[in-house]
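Residue numbers (numbering that gives the first Met the number 0): 0 to 121. Read through the structure below, which is laid out as structure tokens, and then see the notes.
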Amino acid sequence: MRHSRAHSNGDLDVKEIQDRLSDFNNYCLHRAVATPMMGRIFNVSASALAAFASMDDDKETHRVVATVPNLNSFPLQLVFELHGMNAEAGWTRHRIVEVWAIEAESFIRTEIKSSAQDWQGR
0 MRHSRAHSNG
10 DLDVKEIQDR
20 LSDFNNYCLH
30 RAVATPMMGR
40 IFNVSASALA
50 AFASMDDDKE
60 THRVVATVPN
70 LNSFPLQLVF
80 ELHGMNAEAG
90 WTRHRIVEVW
100 AIEAESFIRT
110 EIKSSAQDWQ
120 GR
């Protein structure tokens, strides 16, 4: 199992950023031009924030043995344990991970339903 990763590039002009960091007069003077520029700045800012938040996430591939509690359930649920992980590794609820079963032809994108720390077992 491993975390999914996404990359994003912004195409911001240096003058646009300097205007935004100063008095930001461009919005008052040229609203039609400034609005798309603001969207690009906010998009890059949000992407940078998301990248920073997941910077310390575990990006390693882990070989685990998973059990399936109920073969009749949909969607299929896998239960497994990862040992030696810290709490900041990013294995949190709603995190997207990819699962590959031995001899399968492709990865499966899954979402973490729940995770728990074993504080007594540490």
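A virtual CB, placed ideally from N, CA and C, is assigned to each residue, including glycine. Predicted model only: the values in this text are computed from it and were never measured.
- In the displayed model, residue 91 falls within coil according to three-state DSSP, outside both helix and strand.
- Around the beta carbon of residue 83, fewer than 16 other beta carbons sit within 10 angstroms, so the residue counts as exposed.
- Inter-segment contact for the segment 86–95 and the segment 48–58 is present: three or more beta-carbon pairs are separated by less than 8 Å.
- Counting every other CB atom within 10 Å of its CB across the protein chains shown gives residue 65 a total below 16, marking it as exposed.
- DSSP places residue 109 in the strand class (E or B) of the three-state scheme.
- In the DSSP annotation of this structure, the continuous segment of the alpha helix (DSSP H) that includes residue 32 starts and ends at 30–52.
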